[in-house]
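Student: Can you read through this structure? Questions will come right after.
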Amino acid sequence: MGNGGERTQGSGFMRKIILAAVLLSQLAGCSNSEEEARTLLNHAIQDWDRGELASAVQAFDQIEEQYLHTAAATDALKERAARVDNYRLGFGPEANQRRNQGMVSRDVLQHLEAVHQRSGRYPAGLSEGEDAYQGQFAAYLEHCSYQSRLPQYGYQLDCSKADVAYQQEQMRNARSVGGRHLRRSGDAGAGEAIKFAGDLLPAASTWGSRLNPSGDIPTGQFQAFYINTKQPQQVIATETVDNIAINYVRDDFHGIESGDFGGYWVGNLMFEEPTVKRISVSQSWAKSRVLIDGRVLYEGGSDQSMLYRFEPGVHKLEVEYVNNWHTTEFNVDIGSEQTYLEVSEVRARLGEALPADVTLYYAGVYESSAQDLSIVLNLERTEGPVALVLSSYSPVRWYLSNPFGVDVRAVVYGAYKPGSRLDGDLPESLLRLPAKSRIGSYRVREDCSCTAGTFHCSGGSLGPTLSALKGLTGVSLSGFSGSYSASALAVPATRIDEAFLAQLAADEGNIASQRAACKAENDPDFETLLGEP
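First residue of the sequence shown: 11, per our numbering; consecutive thereafter.
See below:
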């Protein structure tokens, strides 16, 4: 009995020794795995910061595949998610949409998003491989720059030069049109084509037969019908409006998801004599059709500005619109036969009209936040003559509110996209100068960052705007109002004085120092890195 008990005790002791050895081996393995995963994570972070994104992603993938049980893997998942989110902010579809707004740009962007939706990745290039762009603007691709370092998450596209090349060709084509369709030589805007009813093809049908079966059409206004394009025959809401414009995000308008929004506007326009009107269409990721008396004036997905001659009588104007983005921004402006002026023309007109003691105010935005694209400018009390310069990216219906009776002599307003308008408390003698392009920035200071030794600033600053305004008007700016998006602005919101200019100069000096430090971060000087001996 005694010997059997000793053998049992000895056997149990040996099992404990073996179990302890196994546990120590496992713990050593865990320790090694943790160290290996942590080393990979450090490499991933360093590669990303150096701009070697493919290597960084490979390291993150290896951690998730081989070391998922480690604490380092948890840290890696969080680190990767944060870096991917930041990458998408700069290189995702929304960032690229803001950078590329022209006709060529938007068509190329739609192609890239279609490829990503189909395959989960953006193409390696624009003109090669099975995902190459083969659209109607293929001839302009040589003017586009494209890079996709993380093809599953984003890309960087710049087709601004392609947009300019396309616009220049369109202008050359317009000037080549002959006969009565061109303004007479010597007229403002000579060479710009004017369309007549006989130039337009009749539409087979319009939305009015389905959405407005009663045929009730207001004169001088528009009846608007709003639909969900997934159920297009059901009118969600209808209202009478003064202008053809819509601006909202997500489902903030009658519960209609922005990407499924459709609109139909119809109204009668009355003319007592032959009248040429400028009809401007501004849209983002969308398609629209403009019809006059059942004939198609315009159909497409780009911004467009056209001259059309209305004969005496009543004419039915219809607009059909389908959106294809998570934000909706659409505007059709029927304005006077005005000509958008070059900077040199604006400068000359202001030089003739402005007195030496004029006060200059500036208001800049990217876009309006109002549903009808309006921005109310509330003029603050100011003594003496005043000139205003207004600038935006998207079209804005500027409305001037002047409760103090400020002596406004001239208003210059320009935008990148067509269709801006000026209304409000305006004297008959006011000099209105629509400019061909935007004039300045809505920002006071740039947003700057340093990535892998590359210093990048975006958004613009007030410094170049001050210089541009001085060159345009010959007057130093006295007041500034700016916002990315607004429905109303006080003018001025900020007074430009010596203290403000001193702070602006200091900010620009700080940016210069940050740029130098960023360069040094990725290009160290071995002689000075360790300091003085």
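By construction, the Cβ of each residue, glycine as well, lies at the ideal position given by its N, Cα and C atoms.
Sort out for me which residues DSSP pairs N257 with in a bridge.
Tutor: Its beta-bridge partners are E339.
Student: Rounded to whole angstroms, what's the CA-CA distance from G374 to L499? Just pull it up for me.
Tutor: The straight-line gap from Cα to Cα measures roughly 10 Å.
Student: Starting from the N-terminal side, write out each stretch of the beta strand (DSSP E) that is 3 residues or longer and does not extend beyond the stretch 358-419.
Tutor: Within the stretch 358-419, the complete beta strand (DSSP E) runs of at least 3 residues are 369-378, 384-389, 395-402, 407-411.
Student: State the beta-bridge partners of M316 as determined by DSSP.
Tutor: Answer is I289, bridged to M316.
Student: Report the CB separation of P284 from R319 in whole angstroms; it is logged as a contact under 8 Å.
Tutor: Rounded, the Cβ-Cβ distance is 6 Å, consistent with contact.
Student: Tell me R299's beta-bridge partners as DSSP assigns them.
Tutor: Answer by DSSP bridge pairing, in chain order: E309, E330.
Student: For L78, which residues from the same chain have a beta carbon less than 6 Å from its beta carbon, with the 5 sequence-adjacent residues on both sides left out?
Tutor: Excluding sequence neighbours, L78 sits near nothing in its chain.
Student: Any idea what DSSP makes of G541, helix, strand or coil?
Tutor: Note: G541 maps to coil in three-state DSSP.
Student: Just the C-alpha distance for T18 and S43, rounded to the nearest angstrom, thanks.
Tutor: At T18 the pLDDT is 45, less than 50, meaning the model places this residue with poor confidence; the figure from the coordinates comes in the next sentence. The alpha-carbon atoms of T18 and S43 are separated by roughly 37 Å.
Student: Secondary structure at H264, three-state DSSP: helix, strand or coil?
Tutor: Of the three classes helix, strand and coil, the one that applies to H264 here is coil, per DSSP.
Student: If we count the other Cβ atoms within 10 Å of its Cβ and call it buried at 16 or more, is S523 buried or exposed?
Tutor: So S523 counts as exposed.
Student: CB-CB under 8 Å to A397, same chain, minus the five flanking residues each way: which ones, in chain order?
Tutor: Cβ neighbours of A397 beyond the five flanking positions: L360, L364, V368, T369, L370, Y371, V418, R419, A420, V421, V422, T483, V485.
Student: Under a three-way DSSP split, which group does L211 fall into?
Tutor: Strand.
Student: Between the alpha carbons of Q127 and E104, how many angstroms are there, rounded?
Tutor: Approximately 15 Å between the Cα atoms of the pair.
Student: Who are N42's beta bridge partners in DSSP?
Tutor: According to DSSP, which records beta bridges pairwise, N42 is partnered with nothing at all.
Student: Looking at A207: is its Cβ nearer than 8 Å to the Cβ of D303?
Tutor: Yes.
Student: Locate the beta strand (DSSP E) running through R431, then write down its first and last residues.
Tutor: It spans 431-434 - the beta strand (DSSP E) in which R431 sits, taken as one unbroken run.
Student: Since E138 is in the alpha helix (DSSP H), which residue starts that stretch and which ends it?
Tutor: Careful: E138 lies outside any alpha helix (DSSP H) and carries neither H nor E.
Student: So which of S292, N520, N334, P223 has the shortest CA-CA distance to T239?
Tutor: Comparing Cα-Cα distances from T239 to each of S292, N520, N334, P223, the minimum goes to N334.
Student: According to the Cβ coordinates, are I254 and V332 closer than 8 Å?
Tutor: No, these two residues do not count as a Cβ contact at 8 Å.
Student: If you run the structure through DSSP and keep just helix, strand and coil, what is S447?
Tutor: Reduced to three states, the DSSP call for S447 is coil.
Student: Could you tell me the alpha carbon to alpha carbon distance between R98 and A92, rounded to whole angstroms?
Tutor: Approximately 10 Å between the Cα atoms of the pair.
Student: Smallest Cα separation from A149: which of Y494, Q162, D117, E140?
Tutor: That would be D117, whose Cα lies nearest to the Cα of A149.
Student: Of the choices Q107, K205, R455, R505, whose alpha-carbon is the least far from that of R305?
Tutor: Closest option to R305, Cα to Cα, is K205.
Student: For the alpha helix (DSSP H) that Y97 lies in, which residues bound it at each end?
Tutor: Start and end: 81-101.
Student: Go ahead and pull the three-state DSSP assignment for W275.
Tutor: Reduced to three states, the DSSP call for W275 is strand.
Student: Could you check whether the stretch 339-359 touches the stretch 437-447, counting it as contact only if at least three pairs of C-beta atoms, one from each stretch, sit closer than 8 Å?
Tutor: Result yes; three or more Cβ-Cβ pairs closer than 8 Å.
Student: Which partner residues does M280 have in the DSSP bridge list?
Tutor: Answer is V324, bridged to M280.
Student: Using a 10 Å radius around the Cβ and a threshold of 16 neighbouring Cβ atoms, would you call G265 buried or exposed?
Tutor: That one is exposed.
Student: On the DSSP letters alone, give me the boundaries of the beta strand (DSSP E) that S219 sits inside.
Tutor: Unbroken run through S219 is the alpha helix (DSSP H), 218-221; no beta strand (DSSP E).
Student: Hey, out of R442, L389, T84, I256, whose CA is closest to Q348's CA?
Tutor: The option with the nearest alpha carbon to Q348 is R442.
Student: On the DSSP letters alone, give me the boundaries of the beta strand (DSSP E) that L351 sits inside.
Tutor: Here L351 belongs to no beta strand (DSSP E), and DSSP marks it neither H nor E.
Student: Helix or strand or just coil, what does DSSP make of Q166?
Tutor: In the structure shown, Q166 sits in a strand (DSSP, three-state: E or B).
Student: Quick one: is G481 buried, meaning 16 or more other Cβ sit within 10 Å of its Cβ, or exposed?
Tutor: Exposed, by the Cβ-count rule.
Student: Assuming D168 and V114 make a contact with CB atoms under 8 Å, what is their CB distance in whole Å?
Tutor: With a Cβ gap of about 11 Å, D168 and V114 do not count as contacting.
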